[in-house]
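Asks:
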Amino acid sequence: MKNNKWFALAGMTSAVLAFTTACGGAQQGDEAGKENGGKQLSGNVVVDGSSTVYPIVEAAAEAYAGEQPDVKVSVGLSGTGGGFEKFTKGETDFSNASRPIKEEEKKAAEQNGIQFEEFQIAFDGLSVLVNKDNDWVDYLTVDELKKIFTSGAVNGDDKVKWSDIRPEWPNEEIKLFSPGHDSGTFDYFDEVILDGQPLNKTAQLSEDDNVLVQGIAGDKNALGYFGFAYYIENKDKLKAVPIDNGNGPVEPTHETIQSGEYAPLSRPLFTYVNVKSLKEKAQVYDFAKFLLENGAEFVEEVGYVALPKEKYDEQLKKLEGLK
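In mature numbering (1 follows the signal peptide of the UniProt record, and there is no 0), the protein residues as written are -18 to -1, 1 to 305.
1) Exposed or buried, A14, counting other C-beta atoms within 10 Å across all chains shown (16 or more means buried)?
2) Measuring CB atoms only, is the region 79 to 86 touching the region 239 to 256, in the sense that at least three cross pairs come out at less than 8 Å?
3) With hydrogens ignored, establish whether the beta-carbon of F269 is closer than 7 Å to any heavy atom of the ligand PLP.
4) In the structure shown, what three-state DSSP assignment does Q93 receive?
5) If you draw a straight line from the C-alpha of G11 to the C-alpha of T74, how long is it?
6) Pull up the distance between the alpha-carbon of S109 and that of P234, whole angstroms please.
7) Secondary structure at A204, three-state DSSP: helix, strand or coil?
8) With DSSP run on the structure shown, which of helix, strand or coil describes Y254?
9) Going by alpha carbons, who is nearest to V28 out of F159, D169, K263, E275?
10) Determine, using beta carbons only, whether A222 and L304 come nearer to each other than 8 Å.
11) What does the alpha-carbon distance come out to for the pair L59 and E189?
12) Could you compute how far the alpha carbon of G7 sits from the alpha carbon of F171?
13) Anyone know if the C-beta pair for D191 and F208 falls short of 8 Å?
14) Could you pull the start and end residues of the alpha helix (DSSP H) that N182 belongs to?
15) How do the region 88 to 95 and the region 281 to 299 stand: do at least 3 beta-carbon pairs fall below 8 Å, yes or no?
16) Please go through the same chain and pick out, in chain order, the residues whose beta-carbon is closer than 6 Å to the beta-carbon of residue 306, but skip the five residues on each side of it.
17) Could you pull out every residue in the same chain whose Cβ sits closer than 6 Å to the Cβ of D52, ignoring the five residues on either side in sequence?
This is how it looks when you write it as structure tokens:
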């Protein structure tokens, strides 16, 4: 990974990051774009949402500052659900998401007159992690993962021991870590692993993946999950658990994620854009274009898996049609 500083930034609150929401920036940006042939812009671009997608867009924002130094791009990490709550009220220009928008979120946007467009920007492999000193877990089946994380699935008790899963494993309680309920990563895990059943009540929750990293790294009996890039960034502290979906254990790698072999935990990552912002704020359109044109570089730089070039090209055409 070429640069790690946006992962450190991810530990800050979105309130601290969103320091550039001064009124009048959009109009200022529009006027500057017209006066300078659309080249030199100013104003604000407000992004919030998924902590999983955060490193990609933060990397793009950092690079974009070199192209358009008078445009202030703020990137928050309220979680996919928290981001959509703001986005559907018209409070943000972009909403990063580690799952597709839900029907109720679409309805909220419609009720508030918000039109939006979805752009896929990367692939992710939701990674299951244990502590570096864990020397007994060689893999987990999907059924075992579901049993561990589902409330009451083991003898009606949420305090699950490793030996409850396989008798030869330690007679020690598993310390669970999970993204919070506003997280798209939790929603995806809920869909493909929990199958809609309630999460184990002992799980420690956080919308900040760095908090989950610290929790798993600090307890030999820990087990948790989050996006692939955060695993890559912390390989010295954590071990990825291969997952057996019926065809043998598969570890998350760029190759297994892109091919879909790492099932069922491979998934697309998105950003959603307010169409009105695209049309009325030159800086929002320009940043969206910059993100898609350079997306593969930022995605790979922070540790996710880039889309094929033709997919980014298709979405650039879609973007152009929205202007």
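Every residue gets a Cβ at the ideal spot worked out from N, C-alpha and C, and that includes glycine.
Everything numeric in this text was worked out from a predicted model, so none of it was measured.
Replies: The short version:
1) Counting from 1 along the sequence shown, the entry for residue 14 is found at position 32. Interpretation of A14 is limited by its pLDDT of 37, a score under 50 that renders its predicted location unreliable; the figure taken from the coordinates is listed afterwards. With 16 or more Cβ atoms within 10 Å of its Cβ, A14 is classed as buried.
2) The region 79 to 86 vs the region 239 to 256: in contact.
3) The ligand PLP is not part of this structure, which contains no ligands at all.
4) Taking the first residue of the sequence shown as 1, we reach residue 93 at position 111. Looking at Q93 - three-state DSSP - the assignment turns out to be helix.
5) Here the question's residue 11 lines up with position 29 in the sequence shown. Here the question's residue 74 lines up with position 92 in the sequence shown. Interpretation of G11 is limited by its pLDDT of 40, a score under 50 that renders its predicted location unreliable; the figure taken from the coordinates is listed afterwards. C-alpha of G11 to C-alpha of T74: approximately 16 Å in a straight line.
6) Counted from its first residue, the sequence shown places residue 109 at position 127. Counted from its first residue, the sequence shown places residue 234 at position 252. Cα-Cα distance, rounded: 7 Å.
7) Here residue 204 is taken as the residue at index 222 of the sequence shown, counted from 1. Residue state, collapsed to three classes: strand.
8) Within the sequence shown, residue 254 is the residue found at index 272, counting from 1. Strand, per DSSP.
9) Taking the first residue of the sequence shown as 1, we reach residue 28 at position 46. Just measuring C-alpha positions, the residue of F159, D169, K263, E275 sitting nearest V28 is K263.
10) Start at 1 with the first residue of the sequence shown, and residue 222 comes out as number 240. Start at 1 with the first residue of the sequence shown, and residue 304 comes out as number 322. In this structure, L304 does not lie closer than 8 Å to A222 by Cβ.
11) Taking the first residue of the sequence shown as position 1, residue 59 is located at position 77. Taking the first residue of the sequence shown as position 1, residue 189 is located at position 207. A direct Cα-Cα distance of roughly 8 Å separates L59 from E189.
12) Counting from one through the sequence shown, the residue named residue 7 turns up at place 25. Counting from one through the sequence shown, the residue named residue 171 turns up at place 189. The pLDDT assigned to G7 is 38, lower than 50, so where the model puts this residue is not dependable; a value taken from the coordinates is nonetheless given after this. Between G7 and F171, the C-alpha separation is close to 38 Å.
13) For the purposes of this step, residue 191 is taken as the residue at position 209 of the sequence shown. For the purposes of this step, residue 208 is taken as the residue at position 226 of the sequence shown. Their beta carbons are under 8 Å apart, which means D191 touches F208 by this criterion.
14) Position 200 of the sequence shown, counting from 1, holds the residue named residue 182. No residue range can be given for N182, since it is assigned to no alpha helix (DSSP H) and is classified by DSSP as neither H nor E.
15) Taking 8 Å as the limit for Cβ pairs, the verdict is that the region 281 to 299 does not touch the region 88 to 95.
16) Missing from the structure shown is residue 306; the chain here goes from -18 to 305 and no further.
17) Residue numbering aside, residue 52 sits at position 70 when the sequence shown is read from its first letter. Setting aside the 5 residues that flank it on each side, D52 is surrounded in the same chain by S24, each with a C-beta closer than 6 Å to its C-beta; the list follows chain order.
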